[in-house]
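In what follows, a structure is listed as C-alpha cells, so that the remarks can point back to it.
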Amino acid sequence: MEYSLSADKVIVATHPHDCAFLAAPLGEKYCHYERAVSTLRWATSTTGNPIASWDEGKTWTVFTPDAGTTVPKYDTVQQVYISWKKTEE
Numbered sequence: 004m005e006y007s008l009s010a011d012k013v014i015v016a017t018h019p020h021d022c023a024f025l026a027a028p029l030g031e032k033y034c035h036y037e038r039a040v041s042t043l044r045w046a047t048s049t050t051g052n053p054i055a056s057w058d059e060g061k062t063w064t065v066f067t068p069d070a071g072t073t074v075p076k077y078d079t080v081q082q083v084y085i086s087w088k089k090t091e092e
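In the working numbering, the protein residues as written are 4 to 92.
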C-alpha cells in the first residue's frame, strides 16, 4: 500500500519482540507478528458535514474538526496507523 502523506502522518507502533528466537528463554516461540495497516479518512458528507472513518471507509461518523482545519470534499486518507498482530504458528 502506498499513500501520499508526509512522514508525520504515519504512526508506527513499536514492534514487539516476544517471538524472537534469541530472546530469553532461547528457542522457538512458535509465533510471529504481522503488520496491520489502518487509516483515518476524512470527507464531507452530501449534507456538507465533516465525516471521518476509522475502518477503511466502511462506516462514517460526523465530527467537529479543529478551527481553521479544511476537510476535503472527497474520501481522503489523513493518517496511517501501523500496528502488529501476533500470529501463532
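Cβ coordinates follow ideal geometry from the N, Cα and C atoms, glycine included.
Keep in mind it's a predicted model, so treat the numbers as computed, not measured.
(Q) Beta-carbon within less than 6 Å of Ala23's beta-carbon, same chain only, minus the 5 sequence neighbours each way: which residues are those? (A) Indexing the sequence shown from 1 puts residue 23 at position 20. No residues qualify anywhere along the chain.
Q. How would you label Ala10, buried or exposed, when you count the other beta carbons within 10 angstroms and need 16 or more for buried?
A. On the sequence shown, position 7 is the one that residue 10 refers to. It is exposed - the Cβ of Ala10 has fewer than 16 other Cβ atoms within 10 Å.
Q: Please go through the stretch 29 to 92 and give each complete beta strand (DSSP E) segment of 3 or more residues, from N-terminal end onward.
A: 34 to 47, 53 to 56, 79 to 91
Q) Thinking just about the alpha-carbon of each residue, which of Arg44, Ser86, Val83 is nearest to the one in Phe66? A) By 1-based counting over the sequence shown, the position of residue 66 is 63. Answer by Cα proximity: Arg44.
Q. Leaving out five residues before and five after Ser41 in sequence, what residues of the same chain have Cβ atoms less than 6 Å from its Cβ?
A. Taking the sequence shown and counting its residues from 1, the one referred to as residue 41 is at position 38. Contacts found: Tyr84.
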